[in-house]
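Student: Protein chains in written order, with this note's numbering: chain A, 10 to 142; chain B, 10 to 142.
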DNA sequence: ATTAATAATAGTAATGATTATTGTTTTAAT
DNA sequence: ATTAAAACAATAATCATTACTATTATTAAT
């Protein structure tokens, strides 16, 4: 069994993820952590993200386009992506039970997990006048 | 405005997708169409898939891991992926209304579309004894 | 039917995100 | 302090997909 050793770089990656609600990508995390450790490599960010995902500390979010994002919130919840600004919001949690209840009956097997993503234009984008899209 | 011209290759791609429920990948489509047009290139498959997706003929499915899949069924419906065999099933349609109703209230913007994927082990895999996973 | 314009194609190079490799540096248990 | 393993930086490799380019096929107008 492999021992996990301390790592200042991993600490910095973890600290950044835990401190933001922005669901950052590996590149964004890399850019931030580099202000503290200018010589950290992108591979180190990916390796630590994968390790933290495997240990259940964080969750990886994959969407149709673009790179993966990372989320410190590992409980089952859903996301909303604005097609103008690309921001990723958390959805309120009330939805989940309704979905699971409606689904269980008709699935072609056991349902162990599910991913649900909503797309639209967020209120902030709708209200700002200088839109490009 | 760009004119769409006839294309035997595109016809073959379309015919294969329309004739299968397996939600094939570009590579799988490529392999099949190559039995008819041995010199077709993978780029041609991708180009035609993208064109058919833009025109609304087919739908592209992106999942967390692996390549994209393509679906002739463009109406809103959900998928179930077996984590043993990887097969992609269609989910029964009753789920949708419950979800939309539960969601509309709390979203941070308009909800224009959503993607929902379920993961589990399908009954076929559960019942087969010679499993490797 | 011939021509001319342009869409479609094959073949290949390029891209973007991620993973793998390798030689060096840290960590932590003795 | 010694040592074994984990973490690292730097870089190469991989995979899915897109872009490029010279050629071929399709179509509309003559």
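Just so it is clear, CB atoms sit at the ideal spot from N, CA and C, and this is done for glycine as well.
Considering residue 91(B), what are the terminal residues of the beta strand (DSSP E) in which it resides?
Tutor: Unbroken beta strand (DSSP E) run through residue 91(B): 88 to 91.
Student: Any C-beta of chain A sitting closer than 9 angstroms to the C-beta of residue 30(B)?
Tutor: Chain A contact via Cβ: absent.
Student: Kindly say whether residue 130(B), judged by its beta-carbon, lies nearer than 9 angstroms to any beta-carbon of chain A.
Tutor: Residue 130(B) counts as touching chain A.
Student: Compute the distance between the beta-carbons of residue 70(B) and residue 32(B), then report whether it is under 9 angstroms.
Tutor: Yes, the Cβ-Cβ distance between residue 70(B) and residue 32(B) is below 9 angstroms.
Student: To the nearest angstrom, how far is the alpha carbon of residue 15(B) from that of residue 66(B)?
Tutor: The straight-line gap from Cα to Cα measures roughly 15 angstroms.
Student: What does residue 117(B) reach in chain A if we use C-beta pairs closer than 7 angstroms?
Tutor: In chain order: 89, 98, 131, 132.
Student: What residues from chain B crowd round residue 123(A), counting only those whose CB sits closer than 8 angstroms?
Tutor: Result: 125, 126, 127, 128.
Student: Please specify which runs of the alpha helix (DSSP H), each continuous and at least 4 residues long, are wholly inside the segment 44 to 90 of chain A, giving them in chain order.
Tutor: With a minimum length of 4 residues, the continuous alpha helix (DSSP H) runs that stay inside the segment 44 to 90 of chain A are 51 to 63.
Student: State yes or no: is the C-beta of residue 89(B) within less than 9 angstroms of the C-beta of residue 127(B)?
Tutor: Yes, they are a contact pair.
Student: Quick one: residues in its chain with C-beta nearer than 7 angstroms to the C-beta of residue 98(A), no 5 flanking neighbours on either side, listed in chain order?
Tutor: 88, 89, 131.
Student: What is the rounded straight-line gap between the Cα of residue 41(B) and the Cα of residue 12(A)?
Tutor: The alpha-carbon atoms of residue 41(B) and residue 12(A) are separated by roughly 47 angstroms.
Student: What are the residues of the segment 52 to 74 of chain B that lie near chain A, defined by any Cβ-Cβ distance shorter than 8 angstroms?
Tutor: Residues 69, 71, 72, 73, 74.
Student: I'd like to know whether the C-beta atoms of residue 125(A) and residue 123(B) end up nearer to each other than 9 angstroms.
Tutor: Contact: yes.
Student: Three-state secondary structure (DSSP) at residue 140(A)?
Tutor: Per-residue confidence for residue 140(A) stands at a pLDDT of 41, beneath the threshold of 50, marking its modelled position as unreliable; no derived number is given.
Student: With 16 as the cutoff for other CB atoms within 10 Å, does residue 45(B) come out buried or exposed?
Tutor: With fewer than 16 Cβ atoms within 10 Å of its Cβ, residue 45(B) is classed as exposed.
Student: Should residue 100(B) be labelled buried (16 or more other beta-carbon atoms within 10 Å of its own) or exposed?
Tutor: The residue in question, residue 100(B), is buried, as its Cβ has 16 or more Cβ neighbours within 10 Å.
Student: Would residue 118(A) be called buried (16 or more neighbouring beta carbons within 10 Å of its own) or exposed?
Tutor: By the 10 Å Cβ count, residue 118(A) comes out buried.
Student: Which one of 84(A), 135(A), 74(A) has the shortest CA to CA distance from residue 68(A)?
Tutor: Taking only the C-alpha atoms, the option nearest residue 68(A) is 84(A).
Student: Kindly indicate the opening and closing residues of the beta strand (DSSP E) around residue 124(B).
Tutor: 122 to 129 is the span of the beta strand (DSSP E), which, as asked, contains residue 124(B).
Student: Give the secondary structure of residue 99(A) by DSSP, where H, G and I count as helix, E and B as strand, and everything else as coil.
Tutor: If DSSP states are grouped into helix, strand and coil, residue 99(A) belongs with the strands.
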